[in-house]
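S.K.:
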Amino acid sequence: TVTTDLKDEL
Amino acid sequence: MNIFRLAGDMTHLLSIVVLLLKIRTTKSCAGISLKTQELYVIVFITRYLDLFTRYVSFYNTAMKLVFIGTSVAIVWYMRLHKVVKQTYSRDEDTFKHYLLIPPCFILALLIPLEFTVTEILWSFSIYLEAVAILPQLLLLQRSSNIDNLTGSYVFLLGAYRALYIVNWVYRFFTETHKIRWIPWISGLVQTALYADFFYYYIKSWKNHEKLRLPA
Chain A
1 TVTTDLKDEL
Chain B
1001 MNIFRLAGDM THLLSIVVLL LKIRTTKSCA GISLKTQELY VIVFITRYLD LFTRYVSFYN
1061 TAMKLVFIGT SVAIVWYMRL HKVVKQTYSR DEDTFKHYLL IPPCFILALL IPLEFTVTEI
1121 LWSFSIYLEA VAILPQLLLL QRSSNIDNLT GSYVFLLGAY RALYIVNWVY RFFTETHKIR
1181 WIPWISGLVQ TALYADFFYY YIKSWKNHEK LRLPA
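Chain order of the listed sequences is A and B. Sequential numbering of the first sequence, starting at 1, is according to the working numbering. Sequential numbering of the second sequence, starting at 1001, is according to the working numbering.
1. Is H1012/B helix, strand or coil when you go by DSSP?
2. In terms of residue numbering, what span does the alpha helix (DSSP H) encompassing I1045/B cover?
3. My understanding is that L1140/B touches I1146/B, with C-beta atoms under 8 Å, so please give their C-beta distance in whole angstroms.
4. Taking the alpha-carbon positions, what's the N1148/B to Y1055/B distance?
5. Taking DSSP as the reference, what is the three-state secondary structure of Y1153/B?
6. Check for me: the alpha helix (DSSP H) holding I1202/B runs from which residue to which?
7. If we define contact as Cβ-Cβ less than 8 Å, is V1189/B a contact residue for chain A?
8. Inspect the beta-carbon positions of H1081/B and L1039/B and report whether they are closer than 8 Å.
9. Classify F1044/B as buried or exposed, calling it buried when 16 or more other Cβ atoms lie within 10 Å of its own Cβ.
10. Pick helix, strand or coil for C1104/B, following the three-state DSSP scheme.
11. Quick one: is R1090/B near chain A, going by C-beta distance under 8 Å?
12. I'd like to know if V1072/B contacts chain A, where contact means its C-beta is closer than 8 Å to some C-beta of that chain.
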């Protein structure tokens, strides 16, 4: 989902 | 991980190192806004709530701990360290930073990434980070002379998010092909707030003159 690719950033 | 994001993270880390260097070596936090530093503690804590629940990579976890730890340490130095706290420009650091929190929180409730507690707080931290530099920029305008370390700190802080914007463009075209309104628009606003600082900083650097911001 969208949230996953957001969360590998600081 | 791409080169732009790594450069962004390293620039962000370097800005914090420069600030800690200034505070520790000169035992002074003159010209540094405590309010901006306090906002950054809130930004990091609300953004990294998944620190213990989601493992992305060693790098990711380590950097989150460093950002939270150093931002708390800086606020500790400015509030409690017996020598440093005397040098805080209290009567110039007057931006009512607590007024920034409700609008960012309401915006996070209206436009969260997903309507869950962690995502609302994550969106809140993105919005808050965009405006967290305002007290510091106001303080710089009031400071008669800005020392090199303070100027470098703010420059690096602004540059890191500009590098993140390049990272987002790169990822859009190479990986996700997804538009990410929340970080993109906030990141553009955040970087735009530094625009006039960047202009005067680069001008002072080119002309080898003291950095001064017009009041």
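A virtual CB, placed ideally from N, CA and C, is assigned to each residue, including glycine.
M.R.: Reading it off the structure:
1. The sequence position of residue 1012/B within the second sequence is 12, counting from 1. It is helical.
2. Taking the second sequence and counting its residues from 1, one reaches residue 1045/B at position 45. Residues 1034-1047.
3. Reading the second sequence from its first residue, position 140 is the one you call residue 1140/B. Reading the second sequence from its first residue, position 146 is the one you call residue 1146/B. Contact holds; Cβ gap of about 6 Å.
4. One-based indexing of the second sequence puts residue 1148/B at position 148. One-based indexing of the second sequence puts residue 1055/B at position 55. For N1148/B and Y1055/B, the distance between alpha carbons rounds to 38 Å.
5. Walking along the second sequence from the start, residue 1153/B turns up at place 153. Y1153/B: helix per DSSP, three-state reduction.
6. Reading the second sequence from its first residue, position 202 is the one you call residue 1202/B. Here the alpha helix (DSSP H) through I1202/B covers 1195-1206.
7. Numbered from its first residue, the second sequence carries residue 1189/B at position 189. V1189/B does not count as touching chain A.
8. In the second sequence, residue 1081/B corresponds to position 81, counting from 1. In the second sequence, residue 1039/B corresponds to position 39, counting from 1. Between H1081/B and L1039/B, the gap from beta carbon to beta carbon reaches 8 Å or more.
9. For this step, residue 1044/B is matched to residue 44 along the second sequence. By the neighbour-count rule (16 or more Cβ atoms within 10 Å), F1044/B is buried.
10. By 1-based counting over the second sequence, the position of residue 1104/B is 104. Here C1104/B sits in helix by DSSP.
11. Here residue 1090/B refers to the residue found at position 90 when the second sequence is read from its first residue. Chain A contact via Cβ: absent.
12. Taking the first residue of the second sequence as position 1, residue 1072/B is located at position 72. Judged by the 8 Å Cβ criterion, V1072/B is not in contact with chain A.
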